[in-house]
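Take a look at the structure set out below.
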Amino acid sequence: MKKGEIVTGIVEHTTFPAKGSLYIEGEKVTVKGVLPGQKVEARIVRTRKDKAEATLLRVVEPSPEETQEPPCPHFGVCGGCSLQTLSYEAQLRLKERQVKELLAPVMLAGEEVWEPIAGSPAVWEYRNKMEFSFGDEYKGGPLALGLHKKGSFYDLVTTDQCRIVDADIRAILTATLQYAREAGLPYYHKMRREGFLRHLLVRKAQKTGKILVVLVTTTEREHDFSAWVRALRGLPFTGELAGVLHTQNDAVGDTIRNDHTELLFGEAFFTEELLGLSFRISPFSFFQTNSLGAETLYSIVRDMVGNTREQVIFDLYSGTGTIGQLLAPVAKQVVGVELIPEAVEAAKANAALNGLTNCRFLAGDVLKMLDKIPERPDFIVLDPPRDGIHPKALQKILDYGVEQMIYISCKPTSLARDLAVLQERGYRVEKVRCVDMFAWNNNVETVVLMSRVEGK
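Set out below in structure tokens:
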């Protein structure tokens, strides 16, 4: 095979996340964004010895597993959901299989430690947060507000019928786009680094129904947004509009950054509930995007932890302290460590809101902070970012020699790497369970309970 050659074949197998393998005249070709059983056409982009990498051009024939019509009209064009042609049950089987196969080469335990994958309690309209971008649907086209087109960094899809958010969020998107068009406001052009409108951030609490709306612009011009606020307040929400904010961001990168925020209406936060506790959520604070799925995940973690009444728990990479606070009632003390100072302040405020006096949250890098904490843990909960745990930090964690720890992973490839080290240092896997927090998307959470082997 040569670079640029177009090949056609059936995807025989996929690995996380949606990386498929097909064989052309005995040579392996890897293609991203496919499902097992699909017949695909792809263009070779890289070759080496007896294998090659290719870019998907089109699906010639669907997989036998693709048994449903995508409910969302944006599917296939939008770069968000990727599994809507599968039934939800087939999707869960696919995710669980991929995680099992990824961990099998490093895990010393057998099939007996695996518990069945837990599905999301809600598979539609489950997201409590969406970040939409302003742009155009094609070069020189009309103003759009939504998500990026599949495979494109610039072109957008106006996702006003997105099915993973509820009607209130869809209505806010539609009203905001209509206002921006009528006001003649230009979007921020990433290449030219000029323009005004950048992002629309919407959060809606699944339990309380409260809604926060944030419009992100550059500082290129002054603008009175009172008419936009009136338009939002006039929408027939099923929930309740808690606050509307305007944030300015002149950063070059295409991410939402809070340089300066002005409150246009209401309050700059709302309260969400998880497993009987309350959490104050601001526009930019980290919180699981699937509240009902988070309850499932945290219930599994709490069950795995068990009775720790007389134990000190370290909640490392603690974020806004959600896990630590849910464990606090069954612990002697919880010490949380998180790199982002704003998240730590939110954790402290939430602990006070819930009347928890045995929680302490510290801001700093786990690698450095472990040298400054006087307490020694009896139990450790690890919930690192996607890239996993820094090798030096992992060594310090292992040096505590706790009897048990839990690792919560949002990226199985990082988990596999860290798990190999943990087992080498004397820990064995007791339980593993996947938890689906991202219906119709390839991502999945994995929870692992480990115990230290006696004498290690």
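For the sequence shown, numbering that gives the first Met the number 0 assigns the number 455 to the last residue and increments by one with no breaks. Think of the CB as a built atom: it goes at the ideal place given N, C-alpha and C, for glycine as much as any other residue.
By the 16-neighbour rule on beta-carbons within 10 angstroms, residue 226 is exposed. Relative to the Cα of residue 371, the nearest Cα in the group 361, 379, 443 belongs to 361.
Judged by DSSP secondary structure, residue 368 falls within the alpha helix (DSSP H) whose first and last residues are 365-368. Residues 213, 215, 257, 260 of the same chain have their beta carbon placed closer than 6 angstroms to that of residue 246, with the five preceding and five following residues left out of the count. Distances from the CA of residue 180 to each of 140, 202, 302 were compared; the closest alpha carbon is that of 140. Residue 113 sits in a strand when the DSSP states are folded into three classes.
In this structure, residue 267 lies near residue 242, with their beta-carbon atoms less than 9 angstroms apart. In this structure residue 37 is buried. Its beta-carbon is surrounded by 16 or more other beta-carbon atoms within 10 angstroms. For residue 282 against residue 200, the beta-carbon gap comes to about 6 angstroms, under 8 angstroms, which counts as contact. In the structure shown, residue 303 adopts helical secondary structure according to DSSP, grouped into three states. For the pair residue 345 and residue 13, the Cα-to-Cα distance works out to about 40 angstroms.
In the structure shown, the three-state DSSP call for residue 323 is helix. Taking residue 307 as the centre and dropping the five residues before and after it, the same chain places the C-beta of 329, 330, 378 closer than 6 angstroms to its C-beta, in chain order.
Separation of residue 185 and residue 194 (C-alpha to C-alpha, rounded to the nearest whole angstrom) is 6 angstroms.
Contact between the segment 404-420 and the segment 57-76 is absent, with fewer than three C-beta pairs closer than 8 angstroms. The beta carbons of residue 321 and residue 102 sit no closer together than 9 angstroms.
Excluding residues up to 5 positions away in sequence, 331 lie with their Cβ nearer than 6 angstroms to the Cβ of residue 309 in the same chain.
Inside the segment 370-417, DSSP marks whole alpha helix (DSSP H) runs of 4 or more residues at positions 390-398, from first to last along the chain. For residue 18, the enclosing beta strand (DSSP E) starts and ends at 18-23.
If you draw a 10 Å sphere on the C-beta of residue 383, you find 16 or more other C-beta atoms in it, and that means buried.
Nearest Cα to residue 265 within the set 301, 232, 188: 232.
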